[in-house]
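With our numbering applied, the sequence shown has no gaps in its numbers, which climb one by one up to 1377 at the end.
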Amino acid sequence: MNSTLSSKEESALTQQAFDKLLACFDSDRERAGEKYQSLRCKLVKFFEWRACAVAALDLADETINRVARRIDEGEIVRNHSNYAYGVARMVYLERMKTLKREEAAREIVLTETDTEDVHAKERLECFESCLKKLSDESRELIVAYYREQRRAKIQLRRELAQRLGIPLNALRIRAHRIRTKLEECVVNCLQQSHAR
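What follows is the structure, given as structure tokens:
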């Protein structure tokens, strides 16, 4: 795996980190599992209440993964719920920043749509230029990730995650990071072409 994709594999949760997280909840594995599920449900509701219903499960999982990684790294957590909510607030704020960036990119793209094919051609040229700037591995991943529609898309993504040897959640996050980088590049490219 190329370092561009694996350098920040933040969201991949190791078995060791997960085991340490469960051990923090309870010494009895079954009770620990119940407490884990309870916390996960509460975190999903936390994100749903903040209008993140579409991504609530992913955001809750990302929160739990971060908590587990911190515990695995040696952080002493006395109150797991409070700590998890603190992490969830940070995840939520990061999500809002990402959504604002995406909205800004969308606005630029949408306002360009009104000004005919010249701007559509510029957008396409910027997109292709930015796609070429990605590493081969990142380019292949993002193209494959968005290749199919509906059920075929789900199956393709499962196969892609399996081929890369990572969980589906980690694949989603990698694709999201690449897409964000690509969108920022396109926005910058469009802004530079309009400044000329």
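Backbone N, C-alpha and C define an ideal beta-carbon position, used for all residues, glycine too.
- Shown here, Ile1335 sits in a helix according to DSSP, grouped into three states.
- Distance from the Cα of Phe1206 is smallest, within the candidate group Arg1332, Leu1240, Ser1219, for Ser1219.
- Taken in chain order, the whole alpha helix (DSSP H) runs of length 4 or more contained in the segment 1200-1239 are 1210-1230.
- A distance below 8 Å separates the beta carbons of Leu1203 and Arg1210.
- Taken atom to atom, the span from the alpha-carbon of Ala1237 to that of Glu1229 is near 6 Å.
- Arg1276 carries a helical assignment under DSSP once its states are collapsed to helix, strand and coil.
- Between Leu1322 and Ala1356, the CB-CB gap stays under 8 Å.
- When DSSP assignments are scanned along the segment 1311-1377, the uninterrupted stretches of alpha helix (DSSP H) that are 4 or more residues long and fall wholly within it turn out to be 1317-1326, 1331-1345, 1349-1376.
- For Glu1306, the secondary structure class from DSSP, reduced to helix, strand or coil, is helix.
- Around Lys1216, the same chain offers Phe1206, Asp1207 as residues with beta carbons nearer than 7 Å, after the five sequence neighbours per side are excluded.
- A contact between stretches requires three or more CB pairs, one per stretch, nearer than 8 Å, and the segment 1296-1315 fails this requirement with the segment 1328-1344.
- A direct Cα-Cα distance of roughly 14 Å separates Glu1364 from Tyr1327.
- Around the beta carbon of Ala1234, a 10 Å sphere encloses fewer than 16 other beta carbons of the protein chains shown; the residue is thus reported as exposed.
- Counting only the Cα atoms, Ala1285 lies some 18 Å from Cys1311.
- The beta carbon of Phe1227 is closer than 6 Å to those of Ala1269 in its chain, skipping five residues each way along the sequence.
- In this structure, Tyr1273 and Val1248 do not form a Cβ contact; the two beta carbons are roughly 14 Å apart against a cut-off of 8 Å.
- Residue burial is scored here from C-beta neighbours: Glu1254 has fewer than 16 other C-beta atoms within 10 angstroms and is therefore classed as exposed.
- Shown here, Arg1251 sits in a helix according to DSSP, grouped into three states.
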